[in-house]
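Trainee: There's a structure below that I have some questions on.
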Amino acid sequence: MDVIREIFGLLFGQDPELRQIIGVTLRMSSLSTLVSALLGIPLGVIIGSTNFKAKRLVNRVLHTLMGLPPVVAGLMVFLVLSRSGPLGTLKLLFTVTAMVIAQIVLITPIMTGLTANIVSVKAPLIHETAAGIGLRPFQRMLYIIYECRVQFISTVLTGFGRAIAEVGAVQMVGGNVQFKTRVMTTAIMMQTNMGHFEFAIALGVVLLVIAFLINSLVSRIQESAGLA
Amino acid sequence: MISVRNVLVQAGGRVILDIPLVEFEEGKRYGLIGENGSGKTTLLRMLAGTLQPSQGEVARQNPDGVGYMPQAPYAFSFSVLRNVEMALKNTPDRRDKAARALEAVGMQNLLMARGNKLSGGEAQRMAVARMIAKPRQLLLLDEPTSSTDIRGTDSIENTLLEYTRNTHCTLIFSTHSPAQVLRLAEEVIFLDQGKILENGPARDVLENPRTENARLFLQHWRI
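Next comes the structure, spelled out in structure tokens:
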């Protein structure tokens, strides 16, 4: 009971640190998801709905990038943003922006790949049917996007889930700086290492609640669209 | 006149369709018959313009007057009525026309149902309604009754007969049913391994096939 009381105290008490960590986490995950969706979904639609020579190669590269280890993404972004790196003058290392960039590198291929897979299943059927009733290529593309809309929302939420749960890359480029770049996952790691299990559990509970809310939202959207 | 000349369609090094010449007279009804993989769908897709032949040419009408219904027509997730209205862009009274087309195929009670919730047979009837919602010069239907029950099949066949009579539209459809060819088509084209084995008046070809392969295929025809 003492542990539960302490967790509630951390979540709703005077100490702003936990709420600040949650705030940074949500800001970082939302922004990286938004940018990844804006890049990944249109790219996925193009890859999934068109036939071009290098499509097989592009898909292989994409599937490889979908499994990109977070520490590798973190290392790449770290090297680019470090003082001696090509973008070192921007002084972005150990900022939330650097964490967002690292997550975009990680999540965009996932969103692109998922979108391409979704579209490649539906696009040939829609394309053939729509062409058969005389719709122009642009109109066909709009109908393909419309018919995949619910799956696209699921894709975005999957990306958000990946972003919020990610630890390796954000630790490397964010540095887990207190009141600045500390997010839930890096804080859980640090607090566990320090033996502060109540704090780590409180953060874990918040992460689980967010994951539950995301899943509920996906199911609700699918049900309301008649696709579940 | 729609003509297909010296057409060759290849995929993966295999010849899918090899037709030196076939002509379709305007206003007539043609049934394509043959085994699975004989080239019926490929011929229809080529006539629809959704597939380009490796060589040869297809001369046909203005694409705006052509309607093509694929073997697995897609039913969009909006209402059945809107699914049919899609085919009537920039047409006045399109809602009424779509409703009339759906009534013709017996779907007047399903106007507001979601397209993606229809059964396979219902989706096929809706797709036929999309085809007949406006006058066309050429109708290409790939197995239009493959999922319908006997009542649905009868409704579609009668609707198509009436539509072609009223619009003088050329109808080319594929089927696995020789009986359907007799009911719906004036001419039959018998395809085998991408080649035209026989063609001519439906009853003549189906009752007295000249080639061995056509005879072997039709011996499986039972009532």
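Residue numbers (our numbering), protein chains in the order written: chain Y, 2 to 229; chain H, 57 to 279.
Ideal Cβ positions, reconstructed from N, Cα and C, are used throughout, including at glycine.
Leaving out five residues on either side along the sequence, give the residues of the same chain with a beta carbon under 8 Å from the beta carbon of Leu-257 of chain H.
Mentor: A quick correction: the sequence has Pro, not Leu, at residue 257 of chain H. Within the same chain, Pro-257 of chain H has close Cβ partners Glu-242, Glu-243 and Val-244.
Trainee: Give, in chain order, every unbroken run of the alpha helix (DSSP H) that is at least 4 residues long and sits entirely within the stretch 145-183 of chain H.
Mentor: Listed in chain order, they are 150-160.
Trainee: List, in chain order, every chain Y residue whose beta-carbon is nearer than 7 Å to that of Pro-234 of chain H.
Mentor: By Cβ distance, chain Y contributes nothing, its closest Cβ being about 25 Å from Pro-234 of chain H, past 7 Å.
Trainee: Could you compute how far the alpha carbon of Ala-229 of chain Y sits from the alpha carbon of Glu-178 of chain H?
Mentor: Only weak support is given to the placement of Ala-229 of chain Y: the predicted model assigns it a pLDDT of 48, under 50, and the value that follows is read from those uncertain coordinates. One C-alpha to the other measures close to 20 Å.
Trainee: Could you give the DSSP three-state label for Gln-15 of chain Y: helix, strand or coil?
Mentor: Coil, per DSSP.
Trainee: Is Ala-229 of chain Y close to chain H, meaning its C-beta is less than 8 Å from at least one C-beta of that chain?
Mentor: Annotation note: pLDDT 48 at Ala-229 of chain Y (below 50); position unreliable, no value reported.
Trainee: Measure from the C-beta of Ser-133 of chain H to each C-beta in chain Y and report whether the shortest distance is under 8 Å.
Mentor: Yes, Ser-133 of chain H lies at the interface with chain Y (some Cβ there is under 8 Å from its Cβ).
Trainee: Assuming Ala-154 of chain H and Ile-188 of chain H are in contact, meaning their beta carbons sit under 8 Å apart, how far apart are those beta carbons, in whole angstroms?
Mentor: No, Ala-154 of chain H and Ile-188 of chain H are not in contact; Cβ-Cβ is about 10 Å, not under 8 Å.
Trainee: Does Ile-48 of chain Y have its Cβ less than 8 Å from a Cβ in chain H?
Mentor: No, Ile-48 of chain Y lies away from the interface with chain H (no Cβ there is under 8 Å from its Cβ).
Trainee: Would you say Met-125 of chain H lies against chain Y (beta-carbon separation less than 8 Å)?
Mentor: Chain Y, which has a Cβ nearer than 8 Å to the Cβ of Met-125 of chain H, makes this yes.
Trainee: Taking the DSSP output, what are the residues bridged to Ala-243 of chain H?
Mentor: Checking the sequence, you will find Glu at residue 243 of chain H rather than Ala. Its beta-bridge partners are H:Tyr-86 and H:Pro-257.
Trainee: Nearest-angstrom Cα distance between Lys-145 of chain H and Gly-121 of chain H?
Mentor: The alpha-carbon atoms of Lys-145 of chain H and Gly-121 of chain H are separated by roughly 13 Å.
Trainee: Using a C-beta to C-beta distance shorter than 9 Å, which residues of chain H count as neighbours of Leu-126 of chain Y?
Mentor: Those are Pro-126, Ala-128, Pro-129 and Tyr-130, listed as they occur along chain H.
Trainee: Check the Cβ of Asp-120 of chain H against every Cβ in chain C and list those closer than 7 Å, keeping chain order.
Mentor: No chain C is part of this structure, whose protein chains are labelled Y and H.
Trainee: DSSP three-state label for Pro-19 of chain H, please.
Mentor: In the structure as shown, chain H starts at 57 and stops at 279, and residue 19 of chain H therefore has no counterpart that could be examined.
Trainee: If you count every other CB in all the chains shown that lies within 10 Å of the CB of Leu-99 of chain H, and 16 or more means buried, which is it?
Mentor: Counting Cβ neighbours within 10 Å, Leu-99 of chain H comes out buried, since at least 16 surround it.
Trainee: What does a CB cutoff of less than 8 Å around Glu-148 of chain Y pick up in its chain, not counting 5 residues either side in sequence?
Mentor: The answer, listed in chain order, is Lys-123 and Ile-127.
Trainee: For chain Y, find out if any of its Cβ atoms is closer than 8 Å to the Cβ of Met-168 of chain H; answer yes or no.
Mentor: Chain Y, which has no Cβ nearer than 8 Å to the Cβ of Met-168 of chain H, makes this no.
Trainee: Could you work out which residue in H:Arg-239, H:Ala-183, H:Gln-249 and H:Leu-247 is closest to Met-125 of chain H when comparing CA atoms only?
Mentor: Nearest of H:Arg-239, H:Ala-183, H:Gln-249 and H:Leu-247 to Met-125 of chain H, Cα basis: H:Ala-183.
Trainee: Please name the residue or residues paired with Glu-79 of chain H in a DSSP beta bridge.
Mentor: For Glu-79 of chain H, which the question treats as bridged, DSSP gives the partners H:Ser-59.
Trainee: Measure the beta-carbon distance from Gln-180 of chain H to Ser-203 of chain H and round it to whole angstroms, keeping in mind my assumption that it falls under 8 Å.
Mentor: Yes, Gln-180 of chain H and Ser-203 of chain H are in contact; Cβ-Cβ is about 5 Å, under 8 Å.
Trainee: Distance cutoff 8 Å, beta carbons only. Does Tyr-219 of chain H sit that close to anything in chain Y?
Mentor: No, because no Cβ of chain Y sits closer than 8 Å to the Cβ of Tyr-219 of chain H.
Trainee: Between Gly-41 of chain Y and Thr-116 of chain Y, is the Cβ-Cβ spacing less than 8 Å?
Mentor: Result yes, Cβ atoms of Gly-41 of chain Y and Thr-116 of chain Y sit closer than 8 Å.
Trainee: Along chain Y, in chain order, which residues have C-beta atoms closer than 8 Å to that of Ala-143 of chain H?
Mentor: Simply Ile-134 and Gly-135.
Trainee: Here's the rule: buried if 16 or more other CB atoms are within 10 angstroms of the residue's CB, otherwise exposed. What is Ser-37 of chain Y?
Mentor: By the 10 Å Cβ count, Ser-37 of chain Y comes out buried.
Trainee: Does the beta-carbon distance from Leu-238 of chain H to Arg-85 of chain H come in below 8 Å?
Mentor: For Leu-238 of chain H and Arg-85 of chain H, no; Cβs fall outside 8 Å.
Trainee: At which residue ranges does the stretch 83-170 of chain Y contain complete alpha helix (DSSP H) runs of 4 or more residues, listed in the order of the chain?
Mentor: Whole alpha helix (DSSP H) segments, 4+ residues: 97-133, 138-148 and 150-166.
Trainee: Could you tell me the distance, in whole angstroms, from the CA atom of Leu-158 of chain Y to the CA atom of Thr-220 of chain H?
Mentor: Answer to the nearest angstrom: the Cα atoms are 50 Å apart.
Trainee: Tell me the DSSP secondary structure of Val-65 of chain H in three-state form.
Mentor: Strand, per DSSP.
Trainee: With distances taken between CB atoms, is the gap from Arg-271 of chain H to Glu-254 of chain H smaller than 8 Å?
Mentor: Contact: no.
Trainee: Could you tell me how far apart the beta carbons of Gly-95 of chain H and Thr-226 of chain H are, in whole angstroms, since I believe they sit closer than 8 Å?
Mentor: That belief does not hold up - the Cβ atoms of Gly-95 of chain H and Thr-226 of chain H are roughly 19 Å apart, past 8 Å.
Trainee: Looking at C-alpha atoms only, which residue of Y:Gln-223, Y:Ala-166 and Y:Val-178 is the closest neighbour of Val-207 of chain Y?
Mentor: That would be Y:Ala-166, whose Cα lies nearest to the Cα of Val-207 of chain Y.
Trainee: Contact criterion: CB-CB distance below 8 Å. Does Glu-148 of chain Y meet it with respect to chain H?
Mentor: Yes, contact with chain H.
Trainee: Provide the residue span of the beta strand (DSSP E) that contains Gln-111 of chain H, from first to last.
Mentor: From DSSP, the beta strand (DSSP E) with Gln-111 of chain H extends over 111-115.
Trainee: Can you list, in chain order, the stretches of the alpha helix (DSSP H) that have 4 or more residues and sit fully within the stretch 169-223 of chain Y?
Mentor: Entirely contained in the stretch 169-223 of chain Y, the alpha helix (DSSP H) runs reaching 4 residues are, in chain order, 169-175 and 185-195.
Trainee: With a threshold of 7 Å on Cβ separation, who are the neighbours of Thr-209 of chain H within its own chain once the five nearest residues in sequence on each side are excluded?
Mentor: Excluding residues within five positions, the ones whose Cβ falls inside 7 Å are Thr-201.
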